[in-house]
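Engineer:
In our numbering, the protein residues as written are 1 to 306.
1. Looking at C-beta atoms only, is the number of pairs between the region 162-171 and the region 2-14 that lie closer than 8 Å three or more?
2. The ligand FAD heavy atoms versus the CB of residue 236: any closer than 6 Å?
3. Can you pull the DSSP bridge partners for residue 208?
4. What do you get for residue 40, buried or exposed, if any count of 16 or more other CB atoms within 10 angstroms of its CB means buried?
5. When you compare only the Cα positions, how much space is there between residue 153 and residue 29?
6. Could you compute how far the alpha carbon of residue 206 sits from the alpha carbon of residue 59?
7. Quick one: Cα of residue 128 to Cα of residue 179, how far?
8. Could you pull out every unbroken alpha helix (DSSP H) segment of at least 4 residues lying fully inside the region 94-157, listed in chain order?
9. Could you round the C-beta distance between residue 67 and residue 50 to whole angstroms and report it? I think they count as a contact, below 8 Å.
10. For the alpha helix (DSSP H) that residue 278 lies in, which residues bound it at each end?
11. Report buried or exposed for residue 265, applying the criterion of at least 16 other Cβ atoms within 10 angstroms of its Cβ.
12. Consult DSSP for residue 160 and reduce its assignment to one of helix, strand or coil.
13. So what does DSSP say about residue 305, is it helix, strand or coil?
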């Protein structure tokens, strides 16, 4: 597979519009799903044709909301066999999307009320008005949406392979819609003492020692697609360890070291999958070694070694 070019500057308005669409759908899942550790109940996932909520509970019934980026539709599928959809197209405002989605949910007799404002957007001028008033974002460039779909599917597949190498507790490969990053996290099993002033959301996210890996398409801080890895808490000296490939480097993020590999540094490589797996593995080993994880017993051997 030839990996797509996805320069943020060429589709920034579409990316921001899509991010807001995803937040609306994510908030519906947040409202309907029962509690699960580390917020795993609220995330979105990659599927073959785009992005999905997977199953959302609705009393004794269930439904699923899909961004189908092949047919360019927002689809709702219910356990009773009903379905509804509307077209994803250029000119569809965030307000239009919000209203159409709620109308279809009402038609399907799915009751839900969300806090109808964007959450934690990486924007120079944060949006504080309700979704049904946002008309400034209405871009849907099909070419770049298809590039995004192809890239997210590729990254999801590599992350899934990497995830399977670890015996310990591991989250699904999932999209955190508040930041629009695709991530997978490994846990050592060690519970952490947390500061009293830490937010409730972070107390649940970081209740246990983790090493987390992710991908995002870019924002105002890093204006290009990139892969990352960080450890919480970060062990002393982490930023001095070596990473693969050579283009990867440690940067400071919120006062802690974060490993960063720019997507464009591996996109045209002879074997980008190997380079990404090397990055993930080298960042994991660096953090796990310094934090005294039981690396040997947490590693899944190849079948030939069993």
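Heads up, the beta-carbon is just placed ideally off N, CA and C, and yes, glycines get one too.
Structural biologist: Taking the definition as stated:
1. no
2. Of the ligands one can find in the structure shown there are none, so the ligand FAD has no counterpart to examine.
3. 191
4. exposed
5. 21 Å
6. 30 Å
7. 16 Å
8. 94-107
9. 4 Å
10. 272-290
11. buried
12. helix
13. helix
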